[in-house]
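Some notes on the structure that comes next.
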Amino acid sequence: DQQVKQNSPSLSVQEGRISILNCDYTNSMFDYFLWYKKYPAEGPTFLISISSIKDKNEDGRFTVFLNKSAKHLSLHIVPSQPGDSAVYFCAASVYSGNTPLVFGKGTRLSVIA
Amino acid sequence: DGGITQSPKYLFRKEGQNVTLSCEQNLNHDAMYWYRQDPGQGLRLIYYSQIVNDFQKGDIAEGYSVSREKKESFPLTVTSAQKNPTAFYLCASSTPTREQGGRDTEAFFGQGTRLTVV
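From first to last, the protein sequence lines are chains A and D.
According to our numbering, the first sequence is numbered sequentially starting from 141.
According to our numbering, the second sequence is numbered sequentially starting from 9.
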């Protein structure tokens, strides 16, 4: 049973436009959410996170929105750049200190120049 | 520089052989994790360790074994019992940060090991 779902395997966006990547979760105990970016044959790198006490967190071009009632979060990238082309993973964890992250299957973003 | 080192980057194994993947971190993190990535499957948890000399099974532990004798090291052995070992293996570590009230921080990942059974 998948606890973290990324229902769009891929997304194509034109350079300069907004990219919106979506993630849904089923476990209501999750209270910390993260986005990772991954290039082929490399380890994922941390992008941005949000705790359940917030509904929005911004870091430069990246903004994560959390809707707890809908168990949904999204990552907005504005403006999108060709270097943003990668696989993006949504992850979640339960507040307990060093608990493992549960990952979605990822969304491949292609930013077209 | 602080970080997580996985070795080797590429590994070939004959069917029926055990093989050990190395993971070392110098970030002084308490917790370490092993994930497996298959095409279209995301990252699935194999084993994790929150403290030295203790580890827990993840979602897909069958056919794998680990040890945590030192804080810095968390090797993963892929045994002959693992039916489909060809995959990309990722090691990670994490520790809570005080400014977040002891909550989890992000996990830091190594560069991965590509294991191929030949």
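By construction, the Cβ of each residue, glycine as well, lies at the ideal position given by its N, Cα and C atoms.
(request) Kindly list, in the order they appear in chain A, the residues whose Cβ is closer than 9 angstroms to that of D/Glu80. (result) Your numbering for residue 80 of chain D matches position 72 in the second sequence. Ordered by position in chain A, no residue passes the 9 angstroms Cβ test against D/Glu80, which lies about 16 angstroms from the chain.
(request) For A/Ala181, go through chain B and note every residue whose CB falls closer than 9 angstroms to its CB, in chain order. (result) Here chain B cannot be found, since the structure's protein chains are A and D.
(message) Quick check on D/Gln133: buried or exposed, where buried means 16 or more other Cβ atoms within 10 Å of its Cβ?
(response) Since the first residue shown for chain D is 9 and the last is 126, residue 133 of chain D is missing from the structure and cannot be characterised.
(message) Please report the distance separating the alpha-carbon of D/Ile54 from that of D/Lys91.
(response) In the second sequence, residue 54 of chain D corresponds to position 46, counting from 1. In the second sequence, residue 91 of chain D corresponds to position 83, counting from 1. Rounded to the nearest whole angstrom, the C-alpha separation of D/Ile54 and D/Lys91 is 14 angstroms.
(message) For A/Thr166, which residues in the same chain have their Cβ closer than 6 angstroms to its Cβ, ignoring the five residues on either side in sequence?
(response) In the first sequence, residue 166 of chain A corresponds to position 26, counting from 1. Within the same chain, A/Thr166 has close Cβ partners Gln143.
(request) Only counting runs of 4 or more residues, tell me where the alpha helix (DSSP H) segments fall wholly within the segment 36-71 of chain D, in order along the chain. (result) none
(message) Counting only C-beta atoms, is D/Glu70 closer than 8 angstroms to chain A at any point?
(response) Residue mapping note: residue 70 of chain D aligns to position 62 of the second sequence, counting from 1. No, D/Glu70 lies away from the interface with chain A (no Cβ there is under 8 angstroms from its Cβ).
(request) Select from the segment 31-44 of chain D all residues with a C-beta closer than 9 angstroms to any C-beta belonging to chain A, and list them in chain order. (result) His37, Asp38, Ala39, Tyr41, Tyr43
(message) Does the beta-carbon of D/Thr103, which I'm using as the reference point, lie nearer than 7 angstroms to any heavy atom of the ligand MG?
(response) Inclusion of the ligand MG in the displayed structure is not the case, the ligand content being empty and no account of it being possible.
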